[in-house]
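Numbering (the working numbering), first residue to last: 251 to 582.
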């Protein structure tokens, strides 16, 4: 996927209309638009040139100056001093770095860690902004960026092309750094969960026979993929009953009996939690009057079901496929 194009999704700064808007710059940097405006007003880091109309446009040089500001403040340098360096009013060596490290000037690799320390690869530009905000533990910026991604792309594309690549990059950083960055992974996951719920339409009532039950199998607590599916189904007006992580067998059976769902989605992240007998048991459950009894369609969701396939039960390969599987059964 090309992230450097000029179609409004990528990271290319040059545009036919003369530059990036403040909102686009904020997404690129992983900060809130109000932060960009504050740096402009308080520290003189606004666009060098003025264009016609009410909206200011940011050139590559303007954006590079703000990127320098982000890198400096990420080292602990106060914003006012970082702005002086970013504007070129003071050499970098003249600005003290507020770090606990013994060296007064950390190496360049350390200074850039908060801005680009995650190996994201070829991804949408929004991923980089979200990663920067997560590494800085910037709650306001992270929430704004995630909500904007869900609103602009919809839950399916936002999850598969923006959120999931960023979560995977954070996970790789955690695994390769000896238990560091755990707080970043938890912080990002919590905000992703909130954005998926806040960005989804209100829960639909739907027909009694169109409900989808979503739950993690016992022992499984990875709920974010199910939350993305719930948001995507809500976007299509399909009613969902979400039961989250590690639902006990008895509770799952009781929920299915009480709701009489058209579809049951069972998520397993690990092969150790995927239970073929449980999936078969739920798929065999019946309800309704004699002669018109119904059974749910059980979807085995997640990588834990790889190699554990249950005969006759669909196993969608991704979020979009899971949405289509539910729509084919419950969408009428």
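Quick reminder that beta carbons are idealized off the backbone N, C-alpha and C, glycines included. Since the structure is predicted, the reported quantities are computational estimates derived from the model, not experimental observations.
Quick one: residues in its chain with C-beta nearer than 7 Å to the C-beta of residue i, no 5 flanking neighbours on either side, listed in chain order?
i	result
residue 408	399 and 400
residue 376	277, 395, 399 and 412
residue 496	466, 468, 469, 470 and 471
residue 369	419 and 422
residue 473	466, 494 and 495
residue 414	none
For residue i, which residues from the same chain have a beta carbon less than 6 Å from its beta carbon, with the 5 sequence-adjacent residues on both sides left out?
i	result
residue 411	374
residue 515	464, 549 and 551
residue 380	395 and 416
residue 289	295
residue 450	481 and 484
residue 297	306, 308 and 312
residue 352	A caution first: residue 352 carries a pLDDT of 38, below 50, which makes its placement in the model unreliable, though a value can still be read off. There are no such residues.
residue 431	423 and 424
residue 523	467, 469, 470 and 554
residue 269	307, 308 and 309
residue 283	272, 273 and 276
residue 459	512
residue 578	none
Per DSSP, which residues does residue i bridge with? Please list them.
i	result
residue 308	270
residue 490	462
residue 551	517
residue 526	Bridge partners of residue 526: none, in fact.
residue 537	544
With a threshold of 8 Å on Cβ separation, who are the neighbours of residue i within its own chain once the five nearest residues in sequence on each side are excluded?
i	result
residue 433	387
residue 536	543, 544 and 545
residue 397	445, 448 and 449
residue 532	502, 503, 506, 514, 516, 546 and 548
residue 403	411 and 412
Just to check my reading of the structure: residue i and residue j have Cβ atoms closer than 8 Å, yes? What is that Cβ distance to the nearest angstrom?
i	j	result
residue 279	residue 322	No, residue 279 and residue 322 are not in contact; Cβ-Cβ is about 13 Å, not under 8 Å.
residue 468	residue 519	That belief does not hold up - the Cβ atoms of residue 468 and residue 519 are roughly 13 Å apart, past 8 Å.
residue 286	residue 271	No, residue 286 and residue 271 are not in contact; Cβ-Cβ is about 10 Å, not under 8 Å.
residue 281	residue 391	5 Å
residue 546	residue 513	6 Å
residue 580	residue 488	6 Å
residue 332	residue 319	5 Å
residue 557	residue 521	7 Å
residue 406	residue 573	6 Å
residue 566	residue 517	Not quite, the Cβ-Cβ distance comes to about 11 Å (not below 8 Å), so this is no contact.
residue 438	residue 384	4 Å
residue 293	residue 329	7 Å
residue 441	residue 393	6 Å
Minimum length 4: unbroken alpha helix (DSSP H) runs contained in the stretch 432 to 488: Counting whole runs of 4 or more residues, the stretch 432 to 488 contains the alpha helix (DSSP H) stretches 432 to 449 and 474 to 485.
Should the stretch 439 to 451 be regarded as contacting the stretch 470 to 488, the criterion being three or more beta carbon pairs within less than 8 Å? yes
Three or more C-beta pairs under 8 Å: does that hold for the stretch 556 to 568 against the stretch 493 to 510? no
With a floor of 4 residues, list each alpha helix (DSSP H) that falls wholly inside the stretch 356 to 421, ordered by position along the chain. 358 to 361, 363 to 366, 375 to 385 and 389 to 407
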